[in-house]
Amino acid sequence: MKIQTLGFRSHLIFAYFDGLVIDRGEYLLVRTPHNPTFYWGNFLLMRKPPTDADVPVWLEWFNQEITQQQPQSLHKAFGVDFNGDYKVPEAFRQMGFEAFFQTTLLLHPEGLRVPLHLHPQAIIRPLRLPQELEHAVELQVIGDSQDFEPTGYRNFRHTQMQRYAAMQAAGLGYWFGAFLGDQLLADCGLFAQKGLGRYQQVTTHPYHRKQGLCSKLIYESARFAFEHMGVKQLVIQADPADIAQRIYERVGFKPVEQIRALQHRPAADSV
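For the sequence shown, position 101 matches number 101 in the numbering used here, and the numbering has no gaps at all.
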């Protein structure tokens, strides 16, 4: 299965590092055995959008490929390798599936721009991992856990950061932070493979938003990637309704596709 969308092609950089990726023809199986509760590390990437008749088939494939192999994977998640909107079968909605869009944005070296609003004092640098790992976890829990059960989310973020620390140690990228003194106020990951770079988990402390921290973090990390990591294309994804997309566009990112995905959360993950 040749992946058509840039969003999923760059997303798989991480699964290829320490996960399992198997081409089944009609779909790509993606599993991350060391982090079974990670929705988008344990999902099926479907070749085409679903029809009503596909619903029971997709659910059975997911059950066989993920649920039965990893009993801790209580969620369900389907990516669709398709750029644009499609009709979500009513059966998925009735079962409580969320259907959401992600905009894929792309930046080339010549498109990088200095945004107008940059925090004047913040220092941008890679985190020292694993020594500073817990600082990143704490920031991410404070900034992003509102819709999830707190303990489970903290454990999930810790496992994710261990993965990123291993990728940083392997020379695949860096976890960047925006610091005021020794306080970490914003962070993100940036990892690359064969000239294609991908951002991960951009977080800003809730009390320090709209101060130019995120803009400076994205600009400086992108510049670093182009100058020192051999990156030729840099990808980031955003909720099209969120302010983050506008921040990325001010740095020079351009929207190139919209991907619609389907997920079902287990009750234990919700607050």
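Think of the CB as a built atom: it goes at the ideal place given N, C-alpha and C, for glycine as much as any other residue. In this text, all values refer to a predicted model and were calculated from it rather than measured experimentally.
Do you know how far the Cα of THR203 is from the Cα of CYS214? 8 angstroms
Write down the C-beta distance between ALA222 and VAL251 rounded to the nearest angstrom, noting that I regard them as a contact closer than 8 angstroms. 6 angstroms
Top-ranked residue by Cα proximity to VAL247, from TYR16, TRP40, HIS117: The sequence given here places Ile at residue 247; Val does not occur at that position. Nearest of TYR16, TRP40, HIS117 to ILE247, Cα basis: HIS117.
Which same chain residues end up closer than 7 angstroms to ARG157 when comparing Cβ atoms and leaving out the 5 residues on each side of it in sequence? VAL137, GLN140, VAL141
Tell me the residue span of the alpha helix (DSSP H) that contains LYS216. 213 to 228
Looking at PHE97 and LEU262, is the spacing between their C-beta atoms short of 8 angstroms? yes
Looking at the structure shown, is VAL231 part of a helix, part of a strand, or coil, going by DSSP? coil
Taking a contact to mean a Cβ-Cβ separation below 8 angstroms, would you say HIS205 touches GLY143 in this structure? yes
Three-state secondary structure (DSSP) of ALA244: helix
Close-in-space but distant-in-sequence residues of the same chain around HIS119 (CB under 6 angstroms, 5 per side omitted): GLN211, GLY212, LEU213, LYS216
Could you pull out every residue in the same chain whose Cβ sits closer than 8 angstroms to the Cβ of GLN258, ignoring the five residues on either side in sequence? ASN83, GLY84, ASP85, PHE101, GLN102, THR103, THR104, PRO240
Under the rule that 16 or more other beta-carbon atoms within 10 Å means buried, what is LYS254, buried or exposed? exposed
Which same chain residues, not among the five before or five after ALA244, have their C-beta less than 7 angstroms away from its C-beta? VAL202, ALA238
When HIS75, CYS188, LEU180, GLN183 are compared against GLY173, the one with the closest alpha-carbon: CYS188
Give me the Cα-Cα distance between ASP277 and LEU106, rounded to the nearest whole angstrom. Nothing about residue 277 can be reported from this structure: the residues present for the chain run from 1 to 271 only.
Is it true that the CB of PHE92 sits closer than 8 angstroms to the CB of MET46? no
When DSSP labels each residue in this structure, what does LEU20 get in the three-state scheme? strand
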